[in-house]
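For the record, in the sequence shown the residue sitting at position 19 is 11 according to the numbering used here, with numbers rising by one throughout.
Note that beta-carbon positions come from the ideal geometry of N, C-alpha and C, so glycine has one too.
No experiment lies behind these values; they were computed from the predicted model shown.
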Amino acid sequence: MKTAFLYPLAALALASCGGPKEVTVDHGWVRLPVVAGRPAAAYFTLHGGKAGAIMIGVSSPDAQSAQMHQSMEANGVSTMMPLTQVVAPAGGKVRFAPGGKHVMLFGLKQGIAPGGNVQLHFAFADGKTIDYAAKAVAATDPAPED
Ligand SMILES: [Cu+2]
């Protein structure tokens, strides 16, 4: 009976090797504001790669400023607090998604239309940087599927 359990374990070990080797950002998109001039919000998945990574900042050449935030609900009221860093574990990932972690973009450049791109620049504690073009999504459109 015991040997039957070897197969699922082996499959698990293989699956954990499947992520990207280097720190990677994917599934990035930006929710455009309902009213121009209000902040936009960027969402994405951060993969730690083999070694893990600590993201220490996000900026955008398409916005005046950007801040990492964590949304949370307390007593039915939704609030957010700034994050100074986000750790992506080795072999794991962290999702920035509506209702949770997000990057708030203030002063988004005029004229970025749905379907266009918003450039994001990610900085990591070890000096690495990633430039990523996130897809702009209209305020009223559904979130893109993963
Ligand atoms: Cu926010």
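Residue i CB to nearest heavy atom of ligand 1 below 6 Å
i	result
His113	no
Met73	no
Residue burial classification, residue i (beta-carbon count within 10 angstroms, cutoff 16)
i	result
Arg23	buried
Asp54	buried
Cβ pair residue i, residue j closer than 7 Å
i	j	result
Ala45	Phe116	yes
Val50	Ile122	no
Gly83	Gly11	yes
Val95	Ala58	yes
Pro81	Gly119	no
Cβ distance (whole Å) where residue i is taken to contact residue j below 8 Å
i	j	result
Asn109	Ala89	About 20 Å; that fails the 8 Å criterion.
Lys85	Thr37	5 Å
Gln56	Phe114	18 Å between Cβ atoms; not a contact.
Tyr124	Gly20	5 Å
Val26	Ala131	4 Å
Per DSSP, the bridge partner or partners of residue i
i	result
Asn109	Lys127
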